[in-house]
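According to my numbering, the sequence shown is numbered sequentially starting from 495.
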Amino acid sequence: MDNDKGYIMIKVPVPNFKRVRFVSFVVLFFISVIILPITSSLTTQSQIDNAGSYGVGIATSSFTLLVTFLVLLVEGYCPPTWLSSTVFELTWMFLMIAFWGATGGIAANSIRYTCRGMCFRYWNRTQCSGFSYSICQQLQVITAFSWIAFIILSILFTWELVAAIRASKRGDGFIWTTAVHSYQSGVIRLDTSIPVFNASIESLAKGKAVDEERGEAPSPTAAI
495 MDNDKGYIMI
505 KVPVPNFKRV
515 RFVSFVVLFF
525 ISVIILPITS
535 SLTTQSQIDN
545 AGSYGVGIAT
555 SSFTLLVTFL
565 VLLVEGYCPP
575 TWLSSTVFEL
585 TWMFLMIAFW
595 GATGGIAANS
605 IRYTCRGMCF
615 RYWNRTQCSG
625 FSYSICQQLQ
635 VITAFSWIAF
645 IILSILFTWE
655 LVAAIRASKR
665 GDGFIWTTAV
675 HSYQSGVIRL
685 DTSIPVFNAS
695 IESLAKGKAV
705 DEERGEAPSP
715 TAAI
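Written as C-alpha cells, this is what we have:
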C-alpha cells in the first residue's frame, strides 16, 4: 500500500521485541543505579591494589544510566527519534557489551586474587574484618550485575541486528535509520523511487495487473 511519502508499506516477518526491549532497558537502568555508587566507593579504597580500575565501572554505569533513561523518557512521550534508531542502538549496545564485560572481569579478578572469605589481601598482608567482608561483598555484587547486564545487552544486540539484516534483505531501505522495535506489526517501508526506469507506482501496478491477466504464452517447442 503506497502513500504520499514516497514509500510502500508491506508486511514481512520481523521479530517483535518491543516489550522485551522495554523491560530489558528498565532492568539495565536499575543495574546501573546499583553499580554506580559501589564502583565510585571502591575507587577511593586505598586498600585495594587496582582500585582505580573501577573507573571503568563508573563510566559504564553512568553511560548506560543516561542512555536508557533518555530512550525510555523520549519514547514514552514522543515519537521515536535518532536515539532509537537501529544504527545508534547497535553502536552503543556493542560498546556497552565490551565495557560491562570488562567491569565484571575486573571485579571477578579482584575476588579471585584478593578476597578469601571474610579476609582480603593487600600489600602482602591479610586483613580479616567486617570492613574487608563488606568490600568483598561489593565486588561480588559488581561481578553478578555486570555479567547480567552483559548477557542482556548481548541478547538485545543479536536480536536487533538479526531483525535489521532480515528487513534489509527484504528490501527495507529505512531499517537502519528508524527503530526496529516500531516494526512490531511486521510492517516495513520500501523505497519506491526507481530512477532507472522513471516509473511511477501506478504504472508499475497497472503493468503487474496486465501481466497477471495475460495468459501463459504457448511454448515454441509445443508446435514442433
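Quick reminder that beta carbons are idealized off the backbone N, C-alpha and C, glycines included.
A residue is called buried when at least 16 other Cβ atoms come within 10 angstroms of its Cβ; Cys630 meets this threshold and is buried. Cys609 carries a strand assignment under DSSP once its states are collapsed to helix, strand and coil.
In chain order, Ile542, Ala545, Tyr548, Gln632 place their CB closer than 7 Å to the CB of Leu536, counting only its own chain and leaving out the 5 sequence neighbours on each side. Boundaries of the alpha helix (DSSP H) around Leu536: 512 to 536. Annotation: the continuous alpha helix (DSSP H) that includes Ile552 extends over 549 to 571. Shortest Cα-Cα distance from Tyr627 to any of Ser555, Ile529, Val656, Ile605 involves Ile605.
Proximity of the stretch 557 to 571 to the stretch 655 to 662 falls short of the contact definition, fewer than three beta-carbon pairs being nearer than 8 Å. Looking from the CA of Ala638, the closest CA among Phe519, Ile532, Val656 belongs to Ile532.
In this model, Tyr571 and Gly595 are separated by some 32 Å (Cα to Cα).
Setting aside the 5 residues that flank it on each side, Gln634 is surrounded in the same chain by Ile605, each with a C-beta closer than 7 Å to its C-beta; the list follows chain order.
Only residues of its own chain outside the window of five on either side were considered, and among them Met587, Met590, Ile591 have a CB closer than 6 Å to the CB of Leu647, listed in chain order. Rounded to the nearest whole angstrom, the C-alpha separation of Phe516 and Ser579 is 15 Å.
Under the 10 Å beta carbon count, Thr585 is surrounded by fewer than 16 other beta carbons and is classified as exposed. The Cβ atoms of Thr597 and Thr538 lie no closer than 8 Å to each other. In this structure, the alpha-carbon of Ala673 lies about 14 Å from that of Val656. Counting the other Cβ atoms within 10 Å of the Cβ of Ile600 gives 16 or more, which makes it buried.
In this structure, Thr558 places its C-beta atom within 8 Å of the C-beta atom of Ser526.
Here Leu650 is buried. Its C-beta has 16 or more other C-beta atoms within 10 Å.
Sequence-distant partners of Trp576 (beyond 5 residues in either direction) whose C-beta falls short of 7 Å from its own C-beta, in its chain, are Phe582. Judged by beta-carbon spacing, Ile552 lies beyond the 8 Å limit of Ile636, meaning their Cβ atoms are not closer than that value. Between Ser640 and the set Tyr607, Phe593, Glu654, Thr652, the nearest pair of CA atoms involves Phe593.
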